[in-house]
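Asker:
Numbering (our numbering), first residue to last: 177 to 460.
1. Since residue 210 contacts residue 405 with CB under 8 Å, what's their CB separation in whole angstroms?
2. Pick out whichever of 309, 243, 398 and 314 has its Cα sitting closest to the Cα of residue 373.
3. I'd like the list of long-range same chain contacts for residue 291, defined as Cβ closer than 7 Å, with 5 residues on each side in sequence excluded.
4. Roughly how many angstroms separate the alpha carbons of residue 245 and residue 216, rounded to a whole number?
5. Just checking, does the stretch 264 to 275 make contact with the stretch 376 to 393 on the three C-beta pairs under 8 Å criterion?
6. Roughly how many angstroms separate the alpha carbons of residue 222 and residue 257, rounded to a whole number?
7. Using 10 angstroms around the beta-carbon of residue 201, count the other beta-carbons present and answer buried if the total reaches 16, otherwise exposed.
8. Name the DSSP beta bridge partners of residue 247, please?
9. Who are the near neighbours of residue 226 in its chain, counting only those whose CB is closer than 7 Å to its CB and skipping five residues on each side?
10. Residue 397 and residue 235 look like a contact to me (Cβ under 8 Å); what is the Cβ gap, rounded to whole Å?
11. Is residue 417 buried or exposed, if buried means 16 or more other CB atoms sit within 10 Å of its CB?
12. By DSSP's criteria, residue 414 is part of a beta bridge. Which residues make up the other side?
13. How about residue 407 and residue 194: do their beta carbons lie closer than 8 Å?
14. Express the C-alpha separation of residue 326 and residue 470 in angstroms, rounding to a whole number.
15. Out of 346, 347, 278 and 337, which has the shortest C-alpha to C-alpha gap to residue 360?
16. Taking only three categories from DSSP, how would you classify residue 326?
17. Under 7 Å Cβ to Cβ from residue 415, same chain only, skipping five residues before and after it: list those, please.
18. Per DSSP, which residues does residue 398 bridge with? Please list them.
19. Taking DSSP as the reference, what is the three-state secondary structure of residue 202?
20. Taking residue 349 and residue 355 to be in contact with their CB atoms under 8 Å, please state how far apart those CB atoms are, rounded to whole angstroms.
21. Rounded to the nearest angstrom, what separates residue 313 and residue 394 at their Cα positions?
22. Can you check DSSP and say which residues form a bridge with residue 225?
23. Measuring CA to CA, which of 230, 308, 341 and 247 is closest to residue 323?
24. Taking only the alpha-carbon atoms, compute the straight-line gap between residue 252 and residue 315 and give it to the nearest angstrom.
25. Could you give the DSSP three-state label for residue 408: helix, strand or coil?
26. Within this structure, are the beta carbons of residue 295 and residue 304 separated by less than 8 Å?
27. Could you give the residue range of the beta strand (DSSP E) that holds residue 277?
28. Can you list the beta strand (DSSP E) stretches of 3 or more residues lying completely in the stretch 307 to 392, in chain order?
29. What residues in its chain sit with their C-beta under 7 Å from that of residue 259, if we drop five residues either side in the sequence?
30. For residue 240 and residue 220, what's the separation of their Cα atoms in angstroms?
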């Protein structure tokens with residue numbers, strides 16, 4: 177979460193589930209490279225981060241055909257099938273993905289028994305319900321009449337966490353939204369503002385850190401004009417007041433300059449024109 181000492185924006189957005197992804201993928205990746213994970217990328221802009229033992233992998237895939245921007249998987253055997261997998265789509269708030277990868281880094285340093293720890297019903301730390309508790313404590317409620325899943329929804333009814341019951345196809349859990357865990361926000365499950373999924377054997381510690389992140393009422397910071405970074409008309413948008421703003425650092429200036437669009441050639445906008453439009457942002 178942003179604090180008064182690291183603000184990079186002009187508005188606060190709340191609640192977190194009505195924020196969206198930042199343009200950069202650096203924070204989630206840096207949580208892993210900070211502990212020595214290998215970081216490679218291709219000429220399309222996709223990034224691949226691999227643990228030293230080759231048993232945990234992250235893909236940041238902006239140029240993939242589907243919307244699975246983040247794909248994370250863990251393996252008992254580096255050359256075998258994944259034990260578990262998680263996916264965050266292209267609009268998922270960056271803070272949520274970062275919380276997940278920071279916890280993953282912590283578990284990785286504890287060893288395979290931690291990052292491959294399968295859920296165990298009635299276990300004090302690994303029972304699946306343990307991941308739901310932070311949301312219930314922050315005011316989320318059980319959603320009644322949901323067939324085949326335990327579901328809880330936010331007080332504003334604009335975010336839902338579903339824990340599917342019954343048997344699932346593991347391959348589909350990794351490649352579709354038909355996973356054991358699904359988290360989404362917006363007004364429709366079919367066309368959510370963003371979503372995230374996790375397969376059956378995903379460690380509860382990782383899922384718990386995501387729900388703790390969502391339960392945190394601290395607003396996140398965005399730039400008002402970058403409307404792709406929050407859900408317009410649904411999120412609460414509050415201007416950053418002067419007392420929250422720290423003096424800009426040289427790095428802030430460089431970031432602001434990078435965000436600033438290049439000026440149009442003088443001949444393209446006559447000086448008597450009232451046009452204020454800027455070139456469209458490049459698509460991913």
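No residue lacks a Cβ here, since even glycine has one placed at the ideal position from N, Cα and C. All figures in this text were calculated on a predicted structure; none of them were measured in a lab.
Answerer: The answer reads as follows:
1. That pair is no contact at about 24 Å.
2. Minimum Cα distance to residue 373 is reached at 243.
3. Taking residue 291 as the centre and dropping the five residues before and after it, the same chain places the C-beta of 232, 250, 280, 283, 284 and 379 closer than 7 Å to its C-beta, in chain order.
4. Rounded to whole angstroms, residue 245 to residue 216 spans 16 Å at the Cα level.
5. Because the criterion of three Cβ pairs below 8 Å is met, the stretch 264 to 275 and the stretch 376 to 393 touch.
6. If I take the Cα positions, the gap works out to 22 Å.
7. With 16 or more other Cβ atoms inside 10 Å of its own Cβ, residue 201 counts as buried.
8. Bridge partners of residue 247: 235 and 263.
9. These residues qualify, in order along the chain: 213, 214 and 233.
10. About 27 Å separates the two Cβ atoms, so there is no contact after all.
11. Result: exposed.
12. Its beta-bridge partners are 188.
13. Cβ distance < 8 Å, so residue 407 and residue 194 count as in contact.
14. Since the first residue of the chain shown is 177 and the last is 460, residue 470 is not available in this structure.
15. Nearest of 346, 347, 278 and 337 to residue 360, Cα basis: 337.
16. Per DSSP, reduced to three states, the secondary structure at residue 326 is strand.
17. Take residue 415, set aside five residues on each side of it, and the residues of its chain with a beta-carbon closer than 7 Å to its own are 186 and 187, in chain order.
18. Bridge pairing for residue 398: 187 [DSSP].
19. Three-state result, residue 202: helix.
20. Rounded, the Cβ-Cβ distance is 4 Å, consistent with contact.
21. Cα to Cα, the separation comes out at about 15 Å.
22. DSSP links residue 225 through a beta bridge to 215 and 234.
23. Ranking 230, 308, 341 and 247 by CA distance to the CA of residue 323 puts 341 first.
24. Near 37 Å, if we compare the C-alpha coordinates of residue 315 and residue 252.
25. Residue state, collapsed to three classes: coil.
26. Yes, they are a contact pair.
27. Taken as a continuous stretch (DSSP letters only), residue 277 belongs to no beta strand (DSSP E), being part of the alpha helix (DSSP H) at 270 to 286.
28. Taken in chain order, the complete beta strand (DSSP E) segments of 3 residues or longer contained in the stretch 307 to 392 are 325 to 329, 335 to 340, 357 to 361 and 370 to 374.
29. Excluding residues within five positions, the ones whose Cβ falls inside 7 Å are 250, 251, 252, 292 and 377.
30. Between residue 240 and residue 220, the C-alpha separation is close to 9 Å.
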